[in-house]
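Student:
In my numbering, the protein residues as written are 1 to 279.
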């Protein structure tokens, strides 16, 4: 019987789905679940991290030197904006010159009305040219994105990951073509509590025999998320070490009849050792 309780956290990211040559077009979903040996008293908790509207994690790193610092909690968001009130001064090597208000008013008074009209026309032409350049740049960026990103052929039917029947489920997406890629970037957290022997910590954790089960679910194009059925299953054995943790990033290929793969990132760490409260 163990005299300590160990808490191990797993972070699983379903990063990208690759359609090599699936036989059927339709709606697909990837699900994952953490499996532990039934011989040990283990409690497993599962959660989905908070995400923003674009599907990215709610907490984003801020570059050094940035003027905006944002931190996101469970239900509140605090934003601090730093404004530099120091007026910039022109460098000695620049062409900037100091013009007083009196000189500016004097120059404006001596301008001929015809000259003012010419200046206004020039300003309008410059503004029109800038607007045209911006429109051209936006069109080029859109064309470049459409050419290089095969994700435009895919349709994401749900915005975030979810928990279904004790498994972490990715968003539902549509597959239409061969060699198609779908960016998922769905993260699922697993938190396990198990009893261990303090004198044989490594051996106690190895007896847990952690494994990650990945499932591919499918339904017809005119189906719904409720009509998904299991198509293929893969199991990964996780060799967790209490000192080094676990860090994997690898593609998982499903079977021959469902020729597709999902790239998975797995990170695990021993986060706590304390007196047990589970039986």
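Note that the Cβ used here is the ideal one computed from N, Cα and C, for glycine as well.
What you are looking at is a predicted structure, and each value in this text was computed from that prediction instead of being measured.
Keeping to the same chain, check which residues put their C-beta closer than 7 Å to that of residue 11; ignore five residues upstream and five downstream.
Tutor: Position 11 of the chain shown, counted from the start, is the residue given in the question as residue 11. 187, 189 and 267, listed in sequence order.
Student: So, using beta-carbon positions, are residue 223 and residue 40 closer together than 8 Å?
Tutor: Taking the first residue of the chain shown as position 1, residue 223 is located at position 223. Taking the first residue of the chain shown as position 1, residue 40 is located at position 40. Not a contact, by the Cβ cut-off of 8 Å.
Student: Can you tell me whether residue 239 is helix, strand or coil according to DSSP?
Tutor: Looking up residue 239 in the chain shown gives position 239. Coil at residue 239, not helix or strand.
Student: State the DSSP-derived secondary structure class of residue 285, mapped to helix, strand or coil.
Tutor: Past the edges of the chain, shown from 1 to 279, lies residue 285, and the structure says nothing about it.
Student: Answer yes if the segment 13-21 comes into contact with the segment 253-269, meaning at least three C-beta pairs across the two stretches below 8 Å, and no otherwise.
Tutor: These segments touch.
Student: Hey, residue 29 and residue 217: beta-carbon distance below 8 Å or not?
Tutor: On the chain shown, residue 29 is found 29 positions in, with the first residue counted as 1. On the chain shown, residue 217 is found 217 positions in, with the first residue counted as 1. Cβ atoms of residue 29 and residue 217: closer than 8 Å.
Student: Using C-beta distances below 6 Å, list every residue in its chain close to residue 225, excluding the 5 sequence neighbours before and after it, in chain order.
Tutor: For this step, residue 225 is matched to residue 225 along the chain shown. Excluding residues within five positions, the ones whose Cβ falls inside 6 Å are 172.
Student: Comparing alpha-carbon positions, which option in 207, 212 and 130 lies nearest residue 6?
Tutor: Indexing the chain shown from 1 puts residue 6 at position 6. The shortest Cα separation from residue 6 among 207, 212 and 130 belongs to 207.
Student: What is the rounded straight-line gap between the Cα of residue 116 and the Cα of residue 124?
Tutor: In the chain shown, the residue the question calls residue 116 occupies position 116. In the chain shown, the residue the question calls residue 124 occupies position 124. Approximately 12 Å between the Cα atoms of the pair.
Student: Do you know how far the Cα of residue 19 is from the Cα of residue 139?
Tutor: Position 139 of the chain shown, counting from 1, holds the residue named residue 139. Position 19 of the chain shown, counting from 1, holds the residue named residue 19. Residue 139 and residue 19: Cα-Cα distance of roughly 29 Å.
Student: State the Cα-Cα distance for the pair residue 161 and residue 170, rounded to the nearest angstrom.
Tutor: Here residue 161 refers to the residue found at position 161 when the chain shown is read from its first residue. Here residue 170 refers to the residue found at position 170 when the chain shown is read from its first residue. Distance between the alpha carbons of residue 161 and residue 170: 5 Å.
Student: Using the Cβ count rule (16 or more neighbours within 10 Å means buried), how would you classify residue 37?
Tutor: One-based indexing of the chain shown puts residue 37 at position 37. Label assigned to residue 37: exposed.
Student: Using a Cβ-Cβ cutoff of less than 6 Å, which residues in the same chain neighbour residue 214 once the five nearest sequence positions on both sides are dropped?
Tutor: To locate residue 214, count along the chain shown from 1; it is residue 214. 32, 234 and 252.
Student: By the DSSP assignment, the beta strand (DSSP E) with residue 263 in it spans what residues?
Tutor: Here residue 263 refers to the residue found at position 263 of the chain shown. That run of the beta strand (DSSP E) goes 258-274.
Student: Output the boundary residues of the beta strand (DSSP E) element that contains residue 40.
Tutor: Here residue 40 refers to the residue found at position 40 when the chain shown is read from its first residue. Run containing residue 40: none; DSSP gives neither H nor E here.
Student: Just curious, the beta strand (DSSP E) that residue 211 is in, first and last residue?
Tutor: Numbered from its first residue, the chain shown carries residue 211 at position 211. Run containing residue 211: 211-219, per the beta strand (DSSP E) assignment.
Student: For the candidate residues 254, 255 and 240, whose alpha-carbon lies nearest to that of residue 248?
Tutor: Along the chain shown, one-based indexing puts residue 248 at 248. Here the closest residue by C-alpha is 240.
Student: Taking just the CA atoms, how far does residue 210 sit from residue 277?
Tutor: Here residue 277 corresponds to residue number 277 of the chain shown, with the count starting at 1. Here residue 210 corresponds to residue number 210 of the chain shown, with the count starting at 1. Near 21 Å, if we compare the C-alpha coordinates of residue 210 and residue 277.
Student: State buried or exposed for residue 176, treating a residue as buried only when at least 16 other CB atoms are found within 10 Å of its CB.
Tutor: Taking the first residue of the chain shown as position 1, residue 176 is located at position 176. So residue 176 counts as exposed.
Student: Alpha carbon to alpha carbon, how far is residue 250 from residue 136?
Tutor: Here residue 250 corresponds to residue number 250 of the chain shown, with the count starting at 1. Here residue 136 corresponds to residue number 136 of the chain shown, with the count starting at 1. One C-alpha to the other measures close to 40 Å.
Student: According to DSSP, which residues form a beta bridge with residue 249?
Tutor: Taking the chain shown and counting its residues from 1, the one referred to as residue 249 is at position 249. Looking at the DSSP assignment, residue 249 forms a beta bridge with 265.
Student: Report the rounded CA-to-CA distance for residue 21 versus residue 184, giving the unit in angstroms.
Tutor: By one-based count along the chain shown, residue 21 stands at place 21. By one-based count along the chain shown, residue 184 stands at place 184. Going from the Cα of residue 21 to the Cα of residue 184 covers about 19 Å.
Student: Cβ of residue 212 within 8 Å of Cβ of residue 8?
Tutor: Taking the chain shown and counting its residues from 1, the one referred to as residue 212 is at position 212. Taking the chain shown and counting its residues from 1, the one referred to as residue 8 is at position 8. Not closer than 8 Å, so no.
Student: When you compare the CB positions of residue 238 and residue 228, do they come within less than 8 Å of one another, or not?
Tutor: Position 238 of the chain shown holds residue 238. Position 228 of the chain shown holds residue 228. Taking 8 Å as the Cβ cut-off, residue 238 and residue 228 do not qualify as a contacting pair.
Student: If you reduce the DSSP assignment to three classes, tell me which class residue 9 lands in.
Tutor: Counted from its first residue, the chain shown places residue 9 at position 9. Of the three classes helix, strand and coil, the one that applies to residue 9 here is strand, per DSSP.
Student: For residue 47, which of helix, strand or coil comes out of DSSP?
Tutor: Residue mapping note: residue 47 aligns to position 47 of the chain shown, counting from 1. Strand at residue 47.
Student: Could you check if residue 230 is buried or exposed, using at least 16 other CB atoms within 10 Å of its CB as the buried criterion?
Tutor: Counting from 1 along the chain shown, the entry for residue 230 is found at position 230. When all chains shown are included, residue 230 counts as exposed.
Student: Alpha carbon to alpha carbon, how far is residue 244 from residue 273?
Tutor: As a working note, residue 244 is residue 244 in the chain shown. As a working note, residue 273 is residue 273 in the chain shown. Residue 244 and residue 273: Cα-Cα distance of roughly 16 Å.
Student: Among the residues of its own chain, which have a CB less than 7 Å from the CB of residue 205, if the five just before and after it don't count?
Tutor: Residue numbering aside, residue 205 sits at position 205 when the chain shown is read from its first letter. Closer than 7 Å at Cβ, skipping near neighbours: 6, 196, 240 and 242.
Student: Here's the rule I'm using: 16 or more other beta-carbon atoms within 10 Å means buried, otherwise exposed. How should residue 200 be labelled?
Tutor: Walking along the chain shown from the start, residue 200 turns up at place 200. The residue is exposed, with fewer than 16 neighbouring Cβ atoms inside 10 Å.
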